[in-house]
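Inspection log for the structure reproduced underneath, given as structure tokens.
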Amino acid sequence: MKVRENITANLPLAGICAKTNYHWYVVATVCIGAFMAALDGSIITVALPTITRQFHVTLSATAWVALAYLLTLTALLTVFGRIADLVGRRPLYTMGFGIFIVGSALCGAAQSLPFLIGARVLQAVGAVMLQANSVAIITAAVPSSVRGKAIGIQGSALAVGLSLGPAIGGLLISAFGWRSIFYVNVPVGLIGTTLAALILPLDQEKDQATRGVSFDYLGSLLLAVSIVSVILGLNQGNEKGFGSPYILSLFACGVLSSALFIWQEKRHRAPLVDLSLFKIPTLTWGNVSGSLSYALMYGVLYIIPFYFEEVRKNPSSLSGLLTTPLPIGMMLLAPMAGRIADRLGSRIPTVAGMTLATLGGLSLLLLSSTEPLVWIIIALLIIGMGMGVFTPPNNSSVMGSSPRNRLGVTSGLLNMSRSLGQSFGIAFAFALYQGVVLAEGYSPLSAPARILLPGFHIAFAGVTVLGLMAALISMFRGKVQPLADADREHTIEL
1 MKVRENITAN
11 LPLAGICAKT
21 NYHWYVVATV
31 CIGAFMAALD
41 GSIITVALPT
51 ITRQFHVTLS
61 ATAWVALAYL
71 LTLTALLTVF
81 GRIADLVGRR
91 PLYTMGFGIF
101 IVGSALCGAA
111 QSLPFLIGAR
121 VLQAVGAVML
131 QANSVAIITA
141 AVPSSVRGKA
151 IGIQGSALAV
161 GLSLGPAIGG
171 LLISAFGWRS
181 IFYVNVPVGL
191 IGTTLAALIL
201 PLDQEKDQAT
211 RGVSFDYLGS
221 LLLAVSIVSV
231 ILGLNQGNEK
241 GFGSPYILSL
251 FACGVLSSAL
261 FIWQEKRHRA
271 PLVDLSLFKI
281 PTLTWGNVSG
291 SLSYALMYGV
301 LYIIPFYFEE
311 VRKNPSSLSG
321 LLTTPLPIGM
331 MLLAPMAGRI
341 ADRLGSRIPT
351 VAGMTLATLG
361 GLSLLLLSST
371 EPLVWIIIAL
381 LIIGMGMGVF
391 TPPNNSSVMG
401 SSPRNRLGVT
411 SGLLNMSRSL
421 GQSFGIAFAF
431 ALYQGVVLAE
441 GYSPLSAPAR
451 ILLPGFHIAF
461 AGVTVLGLMA
471 ALISMFRGKV
481 QPLADADREH
491 TIEL
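Read in the UniProt record's numbering, the sequence shown has 14 at position 14, and its numbers run on one by one without any break.
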């Protein structure tokens, strides 16, 4: 009680902060940031075909509107997770809202693709300050007995943003043009900024051990280079040739940078990524399976609008609506999955969830140009339901296995693995899709349906294999204790 008074006494809304259910106000505030980031992540999916035609660029170039955002998230999540442990999560989270608003406004004003991509990078810097702290703020503020439920609610906010994104995006594009999908973030962001400044608690558990130690700038650079090199190689492989010296050098750069990153983290006094955390099996395999699950989800989420618009010839408004079953399925089951995990542990729901998502991915292999839309909707719904069952228990088990003074770093790792999976899933799916179409001598934006369909089938098959791998990892990663009992401090040997 004394600690609670210390962290809330100086807040503007001290009356709310004194309530016994104050932690739910914190959860609600964090959910606004989660909603906004998720909305922006999915609203862009239905805009990519329109942006490609608007700027008269290739599909691989347009993909960077999504990839620049996700790669920035991936490269900086652990950076800001580490900074949050040192300087506090509340100020970083509040500042993130402001940067995100500015980036969104600049995206809407973009007059060229390079400017748009640059504005997306700025937007992502704001988003990373939100995402690197969200689960850590919840974990620190919420009692362990309801932690799974709280993270499930945050997962629902993500799912609501994901679900509304394609529908809102399609309607906005049809009515006001593609720029409006970025301007819609501004009012939501202003609300979030205000509430974060008024409600979020002051930080108590900062990492004092590494104060005064220089920040791991070299590690940050090596991590960014390794991630960008691999994704860039996947993105441009079809155009340049996967056997070309340029692409091979990118992959080699990625491997070398990864090796140097591991070396740097082992020698630095305050590493960007505490490699000793990976001695915790639940944390390690939870991050791996989470990354693979989001590769499946985002590979499907970003490719399916091209199927609707290029094969079915649906307008953007309808394409957006048809994409929503996937995130809606996630939204429906995420809260229930969190409660189940609080009672039973994470293994059963994570295995069941990824098995369900994999079955949904397999059903997309039956797509044709005349397939009844109801079957496509069911397939997307199944994938979303599987993700909803899998994600909250997986996230909660990872966070529950972390030492409390490493919550920011662990949250950053969790979010980085998700963004890495998202980036890889998009690049992988686009590479498979374009590879099949280009091999037939056609452009993805002008090829007939008979050429496009095999490309979609191969892309969906590829990301479904990743989902199957996530299910197998969840099954064999070992017994995981019930999460409500997992709120203990782990001793990690360095």
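Built from N, CA and C at the ideal position, the CB exists for glycine as well.
Source: prediction; values computed, not measured.
{"Asked": "CA-CA distance, G467 and A295?", "Found": "8 Å"}
{"Asked": "Please report how far the alpha carbon of I168 lies from the alpha carbon of R406, in whole angstroms.", "Found": "37 Å"}
{"Asked": "Among I43, L59 and A47, which one has its Cα closest to the Cα of S443?", "Found": "L59"}
{"Asked": "Start and end of the alpha helix (DSSP H) containing V128?", "Found": "L113 to A141"}
{"Asked": "So, using beta-carbon positions, are A449 and V437 closer together than 8 Å?", "Found": "no"}
{"Asked": "Using C-beta distances below 6 Å, list every residue in its chain close to V142, excluding the 5 sequence neighbours before and after it, in chain order.", "Found": "H23 and A150"}
{"Asked": "Under 8 Å between the Cβ atoms of L222 and A38?", "Found": "no"}
{"Asked": "Taking 7 Å as the limit between beta carbons, can you name the residues of its chain near M475, skipping five residues before and five after?", "Found": "V351"}
{"Asked": "Kindly list the residues whose CB is nearer than 6 Å to the CB of P393, restricted to its own chain and excluding five residues on each side of it in sequence; keep chain order.", "Found": "A337, A341, S346, P349 and T350"}
{"Asked": "Would you be able to state if there are at least three C-beta pairs under 8 Å between the stretch 245-261 and the stretch 190-201?", "Found": "no"}
{"Asked": "Hey, is the stretch 132-140 in contact with the stretch 78-91, meaning 3+ C-beta pairs nearer than 8 Å?", "Found": "yes"}
{"Asked": "Using only alpha-carbon positions, find the residue among S144, T72, L364 and I426 that is nearest to R120.", "Found": "T72"}
{"Asked": "Need the endpoints of the alpha helix (DSSP H) that N314 sits in, please.", "Found": "Careful: N314 lies outside any alpha helix (DSSP H) and carries neither H nor E."}
{"Asked": "When the Cβ atoms of the stretch 366-377 are set against those of the stretch 420-438, are three or more pairs found closer than 8 Å?", "Found": "no"}
{"Asked": "For S42, tell me which candidate among A66, H56 and D85 has the shortest Cα-Cα distance.", "Found": "A66"}
{"Asked": "Say whether the stretch 411-423 touches the stretch 372-385, bearing in mind that this needs 3 or more beta-carbon pairs closer than 8 Å, one atom from each stretch.", "Found": "no"}
{"Asked": "Do the CB positions of L272 and S220 come within less than 8 Å of each other?", "Found": "yes"}
{"Asked": "How far does the alpha helix (DSSP H) with K279 in it extend, from its first residue to its last?", "Found": "Careful: K279 lies outside any alpha helix (DSSP H) and carries neither H nor E."}
{"Asked": "With a threshold of 7 Å, establish whether the CB of G98 neighbours any heavy atom of the ligand GTP.", "Found": "Although the ligand GTP was asked about, the structure shown includes no ligands whatsoever."}
{"Asked": "Please name the residue, chosen from S144, V463, G126 and D85, that lies closest to M354 on a Cα-to-Cα basis.", "Found": "V463"}
{"Asked": "My output table needs one value for P448: the three-state DSSP class, helix, strand or coil.", "Found": "coil"}
{"Asked": "Write down the C-beta distance between L452 and E310 rounded to the nearest angstrom, noting that I regard them as a contact closer than 8 Å.", "Found": "6 Å"}
{"Asked": "Measuring alpha carbon to alpha carbon, tell me which of I99, P166 and I262 ends up nearest M129.", "Found": "I99"}
{"Asked": "When the Cα atoms are used, what is the spatial distance from I191 to F35?", "Found": "12 Å"}
{"Asked": "Of the choices N395, L364 and P187, whose alpha-carbon is the least far from that of A459?", "Found": "L364"}
{"Asked": "Taking contact to mean at least 3 C-beta pairs separated by less than 8 Å, is the stretch 177-197 in contact with the stretch 93-110?", "Found": "yes"}
{"Asked": "When you compare each of G237, G388 and T74 to P325 by their alpha carbons, which one comes out closest?", "Found": "G388"}
{"Asked": "Three-state secondary structure (DSSP) at Y442?", "Found": "coil"}
{"Asked": "Would you say F215 reaches chain D, if we count a Cβ-Cβ gap shorter than 8 Å as a contact?", "Found": "Reference to chain D is not applicable here, since this structure consists of a single protein chain."}
{"Asked": "Rounded to whole angstroms, what's the CA-CA distance from F306 to T45? Just pull it up for me.", "Found": "9 Å"}
{"Asked": "Can you tell me which of A470, G435, E440 and L48 puts its alpha carbon nearest to the alpha carbon of F242?", "Found": "G435"}
{"Asked": "Write down every uninterrupted run of the alpha helix (DSSP H) in the stretch 63-112 whose length is 4 residues or greater and which is fully enclosed by it, in chain order.", "Found": "89-109"}
{"Asked": "Please return the same chain residues whose Cβ sits closer than 7 Å to the Cβ of L195, not counting the five positions on each side in sequence.", "Found": "T29 and I32"}
{"Asked": "Quick one: what's got a C-beta closer than 7 Å to T62's C-beta in the same chain, skipping five residues either side?", "Found": "L48, I51 and T52"}
{"Asked": "Would DSSP call V184 helix, strand or coil?", "Found": "coil"}
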